[in-house]
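Residue numbers (our numbering): -14 to 147.
Structure, as structure tokens:
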């Protein structure tokens, strides 16, 4: 009976030692990361005149239903299908137009957008950047997400009119 109690006490003391060592290691690692973060923040400010605010408190990242799609670069790549005019999404399968439809791009080029569509797309891009910055800073994103949905709806309405 006493051997079981002795084993339990030894295991408990070993656990407490390991726990204390792990805590010291984690605190040391945290300090290293914090120092590196401050160094990077200082370099950004000095070399690139870009100020990065430290988050006041950390948040767990929200699990997304699906990973965010990479945003296309407007100058290098044509816009995604979501930004294409409604007329580009519709195709009439007539026999004379089949070969032309196969060669036609799946989405419109930016020059095909009306001024109103281009303006809405510009606002969508700006709000996507704001959303990314807010997520990185741990700030509330709901108002920005709501504005993005409103802009996307407005874009769909404008495209359906054309």
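A virtual CB, placed ideally from N, CA and C, is assigned to each residue, including glycine.
Please read all numbers here as calculations on a predicted model, not as lab measurements.
**Request:** Report buried or exposed for residue 140, applying the criterion of at least 16 other Cβ atoms within 10 angstroms of its Cβ.
**Result:** For the purposes of this step, residue 140 is taken as the residue at position 155 of the chain shown. Buried, because 16 or more other Cβ atoms sit within 10 Å of the Cβ of residue 140.
* **residue 137 vs residue 116 beta-carbon contact at 8 Å** => Indexing the chain shown from 1 puts residue 137 at position 152. Indexing the chain shown from 1 puts residue 116 at position 131. Not a contact, by the Cβ cut-off of 8 Å.
Candidates 30, 104, 39: closest to residue 121 by CA position: The count along the chain shown starts at 1 and reaches residue 121 at position 136. Minimum Cα distance to residue 121 is reached at 39.
For the alpha helix (DSSP H) holding residue 108, just list the boundary residues, first then last. In the chain shown, counting from the first residue as 1, residue 108 sits at position 123. 100 to 122 is the extent of the alpha helix (DSSP H) around residue 108.
*Report, in whole angstroms, the separation of the C-beta atoms of residue 109 and residue 143, which I expect to be a contact under 8 Å.*
In the chain shown, the residue the question calls residue 109 occupies position 124. In the chain shown, the residue the question calls residue 143 occupies position 158. Their Cβ separation, rounded to whole angstroms, is 12 Å, which puts residue 109 and residue 143 out of contact at 8 Å.
Query raised in the report: Which stretch, first to last residue, makes up the alpha helix (DSSP H) that contains residue 128?
Result: The count along the chain shown starts at 1 and reaches residue 128 at position 143. That run of the alpha helix (DSSP H) goes 127 to 146.
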